[in-house]
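If you read the sequences in order, they're chains L and F.
Sequential numbering of the first sequence, starting at 3, is according to our numbering.
Sequential numbering of the second sequence, starting at 911, is according to our numbering.
The beta carbon of each residue, even a glycine, is placed where N, CA and C say it ideally should be.
Here the structure is laid out as structure tokens; the discussion comes afterwards.
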Amino acid sequence: MQADRISLGQFLSLRSGGKRVNTADALTYLYLTIGTILMFGPVLWLVASSFKTQAGLVKYPPPLLPYQQVQVEVEGYDEPLPLFAVTQEDGSARELAQVRRVGIEAQMVDPADPDAERIKINIRQREPVEEVKLAWENYLDPLVELENFDFFTYLKNSLLVTSIATAITLIINSMAAFALSKYRFKGRDAIFVLFISTLMIPITVILVPVFLVITSIGWKNNLWGVIIPGAATPTGIFLLRQYMLTIPDELLDAARIDGGSEWHIYWRIILPLARPALAVLAIFSVMWRWNDFLWPLIVLSQNDYFTLQVGLNAFQGELQIQWHYVLAMTVVTLLPITLVFAFLQRFITTGIATTGMK
Amino acid sequence: MSASPPQVIQPKPATRLLGFVDPLTRPALLLLVSAVDRVLTPIQRRVGIDKMGYFFVLPNLLIFGIFVLFPMLLNFYYAMTGGTKLFPQDRPFVGLDNFATLFDCENFTQPNSCQEDLFWRGIFNTIIYVIFQVSGIVFFSLITALVLNRRIIARGFFRSVFFYPVLLSPVVVALIWKWVLQYEGVLNGIIEILGGESKRWLLDPNWAMFWVVFVSVWALMGFYTLILLAGLQSIPPELYEASSIDGANGWQDFRFVTMPLLMPTMFVVLVLSLIRAVQMFDQIFVLTGGGPGTRTQLMVQYIYTTGFSNQIQLFGLSAAASMVLGVSLLILTLLQLRLGNQSSLA
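See below:
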């Protein structure tokens, strides 16, 4: 019992044990291994599954890799024929291509000898010949021909919302943060408190009245209705204001002596110096907007205006879920965020660790 | 960087700030910037430097006022009107009827006995969800942060592994798990290989809530792990040196050095995860749709369904329910301020 307790203590302690691999280290790596499988496994499984054909997806228990039946070109036939391994009556096995199937009987042809007479066999005598092959059509079909999933429209809408909203958020939040950190005017502190007090009030609490405002302006089924309401983020103002407070006032005064206007100071001094904080806010904003769901779901009810998230939800909510397409489109949707993460990982993690915000 | 004297800092030219803007639109943007300057300079001359603060705060204040402040006030009015029309002038004033409807219950512990039984089910489910989700998040993110804070190889990699799902959208997270958990999915495949029995996990009333909680812990814990890790790393190493001189073992280190110093961070994690859990919607909406039946339907889904997705849109009832949600959030926030002050005094 005592020994157990010490190893638990070592496990929890900040310091790693001695030079030998001890119980605590073993537990640590065990935890990390299981954790990695649990965190990454489902995502990898999604990616792997997205390359399986519709027929491959219903196989159970599911195979790890995407298999497809081999198709062979046979002389005299326009379409490639599926290849089967056939066990003949005498027990010998050979590979035949199937011409057609009637009930439980299949008509087969030997790909090496297409002119020979067709061989009729019972379908229980044949097994499909399979190979590992990626079903790229899962990715390509939705891009061109699905009538209820207009990928490029959704992608365009998502890109527009994300980029415009992030640009607006950065500009108006940095202007407000500049005012709140570098000027003395009546009501300044009241405005700051007003902004910050809404940190804990999400849009879920005021859905109906915001919907009214949007409808009155005529922004229903309009991307502006998604972009504007969330632009004045208290998080951004707080983050930028704290950062701008560290910019020395002497810099501003020097610029004023040189005859620079206040707008000039904002544009030429404050913005360039606040770049690290702006970068953090930009990353947050991209994440918020790309992943946003509930508000776009309410504002956008017509297919033409759907963002990727709303479109994906509608697509997966159909009576017959076309999983092979849903999986592929999910992968496409998570790709940009994954790339952003891969390149800006350090920025994101330090940004969150220092501000405590997401 | 704060220690350097001001004259040393060379402001970077604004053109570098626009490095990502393509060269064709850059001159247009700079033209716009100088146009704003030309408009503002005479104004600045008239009102003085400090009043320019009003100008800078104005755009944000305008959007805030129209899309946050005004709706907040309007929400009270909506909560006290009835009918199915959206515009306020078409809506009859009904006083507190909407709240009376929401709270019309014979027995508050039995959602079945309530007129708006979905609302009460939502509240009950939210409470269950919040309790398990928050404790799951606090527990697993603490363990993960402690593990990641040890001397391990490839720490950066493992930190990313636990953090990665945080970035995924709720829709994507839900679809990933819907695929894993479906009847012919990989989980059932593994279970059968191990000799167990397949289940329709998301349609099983006894399991749906478990998976809903599990998936949110999976998706969100990395965020809190990061915050706790920052908290752990801010503990001065000298304290551990001192405690090892005093002969403390690992458990005592944890109990008497790590835990007390990590408490403020733990508190932040608790409050943040609590406030977010109460507002949970999108992940569950895509994963189970609130089902089976109403097993995993939470409060926000009730607000959404009542106001926006039902054939008859009861905006008043929806607004009233959202006020109940707002009040619960307010109570949690006040509780946080109260307890936060106490813990900082201690």
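Is residue i helix, strand or coil when you go by DSSP?
| i | result |
| --- | --- |
| L:D86 | Per the sequence presented here, residue 86 of chain L reads as Phe, with Asp not at that position. Strand at L:F86. |
| F:V978 | helix |
| L:N124 | strand |
| L:E107 | strand |
| L:R102 | strand |
| F:A1256 | Low local confidence applies: a pLDDT of 40 at F:A1256 is under 50, so the model's placement there is unreliable, and no value is given. |
| L:N146 | The question names Asn, yet the displayed sequence has Val at residue 146 of chain L. Note: L:V146 maps to helix in three-state DSSP. |
| L:L165 | With the sequence shown as reference, residue 165 of chain L is identified as Ser, and Leu is not the correct amino acid for it. Residue state, collapsed to three classes: helix. |
| F:S1144 | coil |
Counting C-beta neighbours from all protein chains within 10 Å, is the total for residue i 16 or more, i.e. buried, or is it exposed?
| i | result |
| --- | --- |
| L:E91 | exposed |
| F:I1041 | exposed |
| F:N1008 | buried |
| L:A5 | Any answer about L:A5 is weak, because its pLDDT of 42 lies below 50 and its placement is not dependable; what the coordinates show is given next. With fewer than 16 Cβ atoms within 10 Å of its Cβ, L:A5 is classed as exposed. |
| F:R955 | exposed |
| L:M3 | Residue placement at L:M3 is poorly supported in this model, since its pLDDT is 37, which falls under 50; the coordinates still yield a value, given next. L:M3 should be labelled exposed. |
| F:N1022 | exposed |
| F:K1088 | buried |
| L:K122 | exposed |
| L:P298 | buried |
| F:N1220 | exposed |
| F:M1169 | exposed |
| L:F240 | buried |
| L:N140 | buried |
| F:V1127 | buried |
| L:G227 | buried |
| F:I1100 | exposed |
| F:F1050 | buried |
| L:Q54 | Checking the sequence shown, residue 54 of chain L turns out to be Lys, not Gln. By the 10 Å Cβ count, L:K54 comes out buried. |
| L:D115 | exposed |
| F:S1144 | exposed |
| L:P144 | buried |
| L:R128 | buried |
| F:V957 | exposed |
| F:V1167 | buried |
| F:Q917 | Legend: pLDDT at F:Q917 = 44, less than 50; position of this residue unreliable, no value from coordinates given. |
| F:Q920 | Because F:Q920 carries a pLDDT of 46, less than 50, the predicted location of this residue cannot be relied on, and the following value inherits that uncertainty. Classification of F:Q920: exposed, given that the 10 Å Cβ count is below 16. |
| F:A1231 | buried |
| L:S94 | exposed |
| F:Q1211 | buried |
Is any non-hydrogen atom of the ligand GDP found closer than 7 Å to the C-beta of residue i, if you look at the structure I gave you?
| i | result |
| --- | --- |
| L:L142 | Looking at this structure, you won't find the ligand GDP or any other ligand, since it has none at all. |
Can you pull the DSSP bridge partners for residue i?
| i | result |
| --- | --- |
| L:A95 | L:T89 |
| L:E132 | L:Q71 |
| F:T991 | F:F1003 |
>> Ignoring anything shorter than 4 residues, give me the alpha helix (DSSP H) runs that lie fully in the segment 214-290 of chain L, in order along the chain.
In response: 225-229, 236-247, 251-259 and 264-267
>> List, from N- to C-terminal side, the alpha helix (DSSP H) runs of 4 residues or more that fit wholly inside the segment 292-358 of chain L.
In response: 296-301, 310-318 and 325-357
>> If we require 4 or more residues per run, which alpha helix (DSSP H) segments fall completely within the segment 1054-1085 of chain F?
In response: 1065-1077
>> My parser needs the beta strand (DSSP E) runs of 3 or more residues fully inside the segment 1149-1198 of chain F; what are they?
In response: none
>> Give me the subset of the segment 72-106 of chain L whose CB atoms are less than 9 Å from a CB atom of chain F, sorted by chain position.
In response: none
> In chain order, which beta strand (DSSP E) runs of at least 3 residues are fully inside the segment 1095-1131 of chain F?
Replying inline: none
>> Taking beta-carbon pairs under 7 Å, can you tell me which members of the segment 175-188 of chain L lie near chain F?
In response: N175, M177, A178, F180, A181, L182, Y185, R186 and F187
> In chain order, what residues of the segment 967-979 of chain F put their CB closer than 7 Å to some CB of chain L?
Replying inline: V967, P969, N970, L971, I973, F974, I976, F977 and V978
> When Cβ atoms are compared, which residues of the segment 996-1027 of chain F fall closer than 8 Å to chain L?
Replying inline: L996, F997 and P998
>> Along the segment 331-355 of chain L, where does the CB come closer than 7 Å to a CB of chain F? Name the residues.
In response: T332, T335, L336, I339, F343, Q347, T351, I354 and A355
> Of the residues that make up the segment 1171-1197 of chain F, which ones have a beta carbon closer than 7 Å to any beta carbon in chain L?
Replying inline: V1178, I1185, Q1189, F1191, D1192 and V1196
> What residues from the segment 194-211 of chain L come within 8 Å of chain F, judged by C-beta to C-beta, listed N to C?
Replying inline: L196, F197, T200, M202, I203, P204, T206, V207, I208, L209, V210 and P211
>> Counting only Cβ-Cβ distances shorter than 7 Å, please list the residues of the segment 250-264 of chain L near chain F, keeping chain order.
In response: P250, E252, L253, S263 and E264
>> Give me the subset of the segment 37-48 of chain L whose CB atoms are less than 8 Å from a CB atom of chain F, sorted by chain position.
In response: G37, T38, L40, M41, F42, P44, V45, W47 and L48
> What residues in the segment 1229-1240 of chain F have a beta carbon less than 9 Å from any beta carbon of chain L?
Replying inline: A1229, S1232, M1233, L1235, G1236, L1239 and L1240
> What residues in the segment 303-321 of chain L have a beta carbon less than 7 Å from any beta carbon of chain F?
Replying inline: Q311, L314, N315 and Q318
> Could you give the uninterrupted runs of the alpha helix (DSSP H) lying entirely in the segment 1001-1041 of chain F, keeping only those of 4 residues or more?
Replying inline: 1007-1012
> If contact means a Cβ-Cβ distance below 9 Å, which residues of the segment 119-138 of chain L contact chain F?
Replying inline: none
>> For the segment 945-968 of chain F, list every residue whose C-beta sits within 7 Å of some C-beta in chain L, in sequence order.
In response: V946, D947, L950, T951, Q954, I959, D960, K961, M962, G963, Y964, F966 and V967
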